[in-house]
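A quick write-up on the structure given underneath.
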Amino acid sequence: MTDADRAAVVVLDGASKSFGALKALDRVTLSIGPGECLGLVGHNGAGKSTLVNLITSLFAPTEGRVAYPGHADHLSAGIRAISQEGTLCPNLTVLENLQVTQRDLTGWGWRGVAGGRVMAALDRIFPGHRIRRDTLVVDMTLAEAQMVEIAIGFAEGASPARLVVLDEPTSSLDASIAAQLMAHIRRFCGAGGAVIFISHMLGEIFDVATRIVVMRDGRCIADRPAAAFSRQGLVDLMGHVADDDHQPSAAALARALGDTSNHILRTPEGIEARRGEIVGLAGLAGHGQAEALARFYLSRSSDWRGSRDPEAVFVAGDRRRDGVMPIWSIRRNLTLAALDRLTRWGLVDQAQEQRIGTDWQKRIGIRTPDMGNPILSLSGGNQQKALFARALATHAPVVVMDDPMRGVDIGTKTEVYDMIRHEAASGRTFLWYSTEMDEIRNCDRVFVFRDGAISAELQGQDITEEAVLAASFEFGDHAA
1 MTDADRAAVV VLDGASKSFG ALKALDRVTL SIGPGECLGL VGHNGAGKST
51 LVNLITSLFA PTEGRVAYPG HADHLSAGIR AISQEGTLCP NLTVLENLQV
101 TQRDLTGWGW RGVAGGRVMA ALDRIFPGHR IRRDTLVVDM TLAEAQMVEI
151 AIGFAEGASP ARLVVLDEPT SSLDASIAAQ LMAHIRRFCG AGGAVIFISH
201 MLGEIFDVAT RIVVMRDGRC IADRPAAAFS RQGLVDLMGH VADDDHQPSA
251 AALARALGDT SNHILRTPEG IEARRGEIVG LAGLAGHGQA EALARFYLSR
301 SSDWRGSRDP EAVFVAGDRR RDGVMPIWSI RRNLTLAALD RLTRWGLVDQ
351 AQEQRIGTDW QKRIGIRTPD MGNPILSLSG GNQQKALFAR ALATHAPVVV
401 MDDPMRGVDI GTKTEVYDMI RHEAASGRTF LWYSTEMDEI RNCDRVFVFR
451 DGAISAELQG QDITEEAVLA ASFEFGDHAA
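Put into C-alpha cells, the structure is as follows:
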C-alpha cells in the first residue's frame with residue numbers, strides 16, 4: 001500500500017462484482033483522499049451504482065478488495081451515502097429518519113440532540129429552507145425530502161462524516177437550491193472532507209469536481225484532474241456525442257407564421273398547446289407546475305374504465321411514488337399503459353406484450369439481458385427509460401411529463417429528445433415540466449410559473465436561462 005493509499009478514506013484494489021453471468025464491475029482500482037471531490041460519470045448501467053455499493057459495503061466484491069485505511073469498516077471510516085432513489089421512511093418525521101441512521105440517538109433526550117444535528121445541517125446547507133423537524137416525510141415535496149436526505153448525510157454524529165457519496169443529489173432541486181448544495185460541497189471538501197459526486201449534469205460536475213473518473217461497461221476508463229477534461233471530451237469518452245442543435249417543431253413554425261388553429265388543449269391556468277407542439281413548464285420548484293400537470297392529466301383520464309386509446313399519458317419524475325410497480329417485471333411495467341389494447345376477453349396477448357417490450361427495449365436502450373427481470377433490477381435511469389417507453393407505446397395524443405429525465409445520462413437524454421421531436425412531428429403534443437434548463441431549451445414554448453400562476457410565456461429564441469430566472473422571481477414582472 002502506497003503512502004497515498006494509507007492517507008485515503010477508501011481504497012479499491014482490483015475490485016470486481018458479478019451477478020451471475022453479468023459483470024457489473026471489472027477490476028476497478030481507485031482511492032479517494034481527504035479534500036477531494038471526485039466526479040463519477042458514465043451512462044446508466046456503466047457501473048457507478050455498483051461501485052458505490054462496494055464502497056458502502058452493501059455488496060462484497062467478487063474479486064479484489066475494498067479497504068478503509070485505519071478503520072474496520074465504512075461506518076467507522078465516516079462514509080455515508082445519499083441514494084438517487086431516496087431512502088427516507090415516508091411514515092417517519094425528519095428526526096426519526098435521522099435516528100434510523102444514527103444509532104447513538106437513544107434515551108429520553110434523543111429528540112433534542114437529533115433536532116440540533118439535523119436542523120444545523122439544514123441551516124448550513126440550505127439556508128432559508130423552512131423545513132420543520134417534526135414533519136412527516138410523506139407530507140413533504142420531493143425537493144424537501146431530497147434536502148432532508150442530504151442534510152442527514154452531512155449531519156454531525158457519533159463519528160464525523162469523512163466521505164459523502166451524492167448520487168444525483170440535485171435531481172429534485174431547482175437551480176437556486178442546487179447552487180446552495182454546490183457551495184456546501186466546496187466548503188466541506190475545503191475543510192478536509194471528501195465527496196463522490198455522481199451527476200448526469202456535466203455543468204455540475206465541472207463546477208465542484210477536483211477529479212473526474214469516467215466509467216463504461218463496469219470499468220474506469222479515465223481518471224484525471226477535472227481541469228484536464230472538456231465537456232465534449234467527457235461526452236465522447238462515455239460513448240455518445242450530444243447534439244445541441246434543436247430545430248423547432250412544425251407546430252412552432254406554424255405558430256410563428258400566424259396560424260393559431262389546431263389547438264388541442266387549454267388549462268385553467270392558461271397553458272395552451274397545439275397538435276405537435278412541445279410545451280414546457282418552468283420556474284422554481286414548488287410553484288405549481290406539477291400540480292397544473294396533474295390537474296390536466298386527471299381531467300383527461302379520471303374515468304374509472306381504461307381505454308384502448310387514452311387521451312393523455314403520464315411520465316412520472318418520482319418513479320418510486322408514481323411510476324414503477326415494484327414487484328412486476330420490466331416488460332409488464334413498460335406495457336401497462338397499453339394493457340387495454342393488449343387484452344381480449346380478459347386475457348393478455350402475451351406474444352404482443354413481448355413484441356412491444358422487445359421493440360421498446362431496443363428503441364430506448366433499456367440495459368437488461370431479460371425484459372422478464374424485475375423492474376427493480378434496473379438502475380434508476382433505466383427504470384425511467386421504461387416509464388418513458390410506457391407512455392410512447394400508447395396512441396395517446398398528449399404526453400404529460402413531470403420532470404421525467406431525473407437520473408438519465410446525457411447520451412440517453414439526447415436520444416429521448418430526438419424521439420420526442422419525432423413524435424411531435426407525427427402530431428403528438430408534449431407538456432413537459434423540467435427543472436433542467438437544457439431540457440427547457442428543447443421546447444417550442446415555455447410557461448414560467450411563480451406562486452402558482454403563469455408569470456411569463458416564452459417562445460423560440462426568447463427561451464433563455466436569464467428570461468426564465470427573471471420570470472421566476474418577483475423582480476421579473478417585466479419578463480411577462
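Each residue of the sequence shown is one higher than the last, beginning at 1 in the UniProt record's numbering. Where a beta carbon is used, it is the ideal one built from N, C-alpha and C, also for glycine. Predicted, not measured: the structure shown is a model, and the values here were computed from it.
Classification of residue i by the beta-carbon crowding that lies within 10 angstroms, buried from 16 upward
| i | result |
| --- | --- |
| Pro-310 | buried |
| Met-147 | buried |
| Asp-477 | Low per-residue confidence applies at Asp-477: pLDDT is 39, beneath 50, and the placement is therefore not dependable, though the value from the model is reported in the following sentence. With fewer than 16 Cβ atoms within 10 Å of its Cβ, Asp-477 is classed as exposed. |
| Met-325 | exposed |
| Lys-413 | buried |
| Cys-443 | buried |
| Trp-345 | exposed |
| Gln-232 | exposed |
| Ile-327 | exposed |
| Ala-453 | exposed |
| Ser-299 | exposed |
| Phe-19 | exposed |
| Gln-461 | exposed |
| Pro-404 | buried |
| His-422 | exposed |
| Leu-58 | exposed |
| Arg-450 | buried |
| Gln-84 | buried |
| Val-100 | exposed |
DSSP state of residue i mapped onto helix, strand, coil
| i | result |
| --- | --- |
| Phe-314 | strand |
| Arg-367 | coil |
| Val-41 | strand |
| Trp-360 | helix |
| Leu-105 | coil |
| Ser-299 | helix |
| Trp-110 | helix |
| Asp-223 | strand |
| Lys-17 | strand |
| Gly-64 | strand |
| Glu-277 | coil |
| Gln-384 | helix |
| Phe-59 | coil |
| Phe-188 | helix |
| Ala-470 | helix |
| Asp-462 | helix |
| Val-214 | strand |
| Ser-31 | strand |
| Asp-309 | coil |
Option nearest residue i by Cα separation, candidates the options
| i | options | result |
| --- | --- | --- |
| Trp-360 | Trp-345, Ile-375 and Ala-393 | Ala-393 |
| residue 551 | Val-10, Tyr-297 and Ala-312 | Look at the range of the chain in this structure, 1 to 480, and you will see that residue 551 is not part of it. |
| Pro-69 | Met-119, Ala-179 and Ile-79 | Ile-79 |
| Arg-367 | Thr-141, Lys-23 and Trp-345 | Lys-23 |
| Glu-466 | Gly-452, Ala-453 and Val-448 | Val-448 |
| Ala-470 | Gly-460, Gln-459 and Ser-455 | Ser-455 |
| Pro-34 | Arg-275, Ala-7 and Val-52 | Ala-7 |
| Ala-21 | Thr-62, Leu-38, Leu-12 and Thr-29 | Thr-62 |
| Asp-26 | Lys-48, Gly-39 and His-43 | Lys-48 |
| residue 481 | Ile-32, Ser-16 and Ile-440 | Nothing in the structure corresponds to residue 481, since the chain is present only between 1 and 480. |
| Thr-135 | Val-118, Gly-193 and Phe-154 | Val-118 |
| Glu-277 | Leu-265, His-287, Gly-288 and Leu-284 | Leu-265 |
| residue 494 | Ala-316, Ser-379, Gly-109 and His-74 | Shown here, the chain extends from 1 to 480; a query on residue 494 therefore has no answer. |
| Val-400 | Thr-343, Glu-272, Arg-363 and Asp-223 | Glu-272 |
| Met-215 | Val-66, Ala-209 and Ile-198 | Ile-198 |
| Arg-65 | Ala-72, Leu-342, His-43 and Asp-13 | Asp-13 |
| Lys-385 | Asp-349, Leu-122, Gly-192 and Asp-318 | Asp-318 |
| Ser-379 | Gly-157, Gly-45 and Thr-56 | Gly-45 |
| Ser-230 | Asp-217, Leu-54, Leu-202 and Gly-193 | Leu-202 |
| Gly-365 | Asp-236, Asp-349, Ile-212 and Asn-382 | Asn-382 |
| Arg-331 | Asp-322, Leu-347, Pro-369 and Glu-204 | Pro-369 |
| Asp-223 | Ile-440, Ile-32 and Ala-72 | Ile-32 |
| Gly-270 | Ala-285, Gly-286, Ala-292 and Leu-284 | Ala-292 |
| Asp-123 | Cys-189, Gly-112, Arg-355 and Ala-155 | Ala-155 |
Expected contact under 8 Å - CB spacing of residue i and residue j to nearest Å
| i | j | result |
| --- | --- | --- |
| Phe-206 | Ala-226 | 6 Å |
| Val-137 | Asn-97 | 7 Å |
| Ala-290 | Asp-402 | 5 Å |
| Ala-151 | Ile-185 | That pair is no contact at about 13 Å. |
| Ala-282 | Ile-440 | 5 Å |
| Val-213 | Leu-30 | 7 Å |
| Cys-37 | Ala-161 | Going by Cβ atoms, the distance from Cys-37 to Ala-161 rounds to 14 Å, so no, they are not a contact pair. |
Residue i CB to nearest heavy atom of the ligand FAD below 8 Å
| i | result |
| --- | --- |
| Ala-294 | This structure lacks the ligand FAD; in fact it carries no ligand of any kind. |
Contact with chain B by residue i, beta-carbon distance below 9 Å
| i | result |
| --- | --- |
| Val-214 | Looking for chain B here will not work: only one protein chain is present. |
**Report entry** At least three beta-carbon pairs within less than 8 Å, the region 332-341 to the region 389-407
**Finding:** Yes, the region 332-341 is in contact with the region 389-407.
Requested in this report: Would you be able to state if there are at least three C-beta pairs under 8 Å between the region 94-113 and the region 165-177?
Outcome: Not touching, per the Cβ criterion.
Query - the region 171-183 touching the region 101-111, judged by at least three CB pairs closer than 8 Å - result: Judged by Cβ distances under 8 Å, the region 171-183 makes no contact with the region 101-111, as fewer than three pairs qualify.
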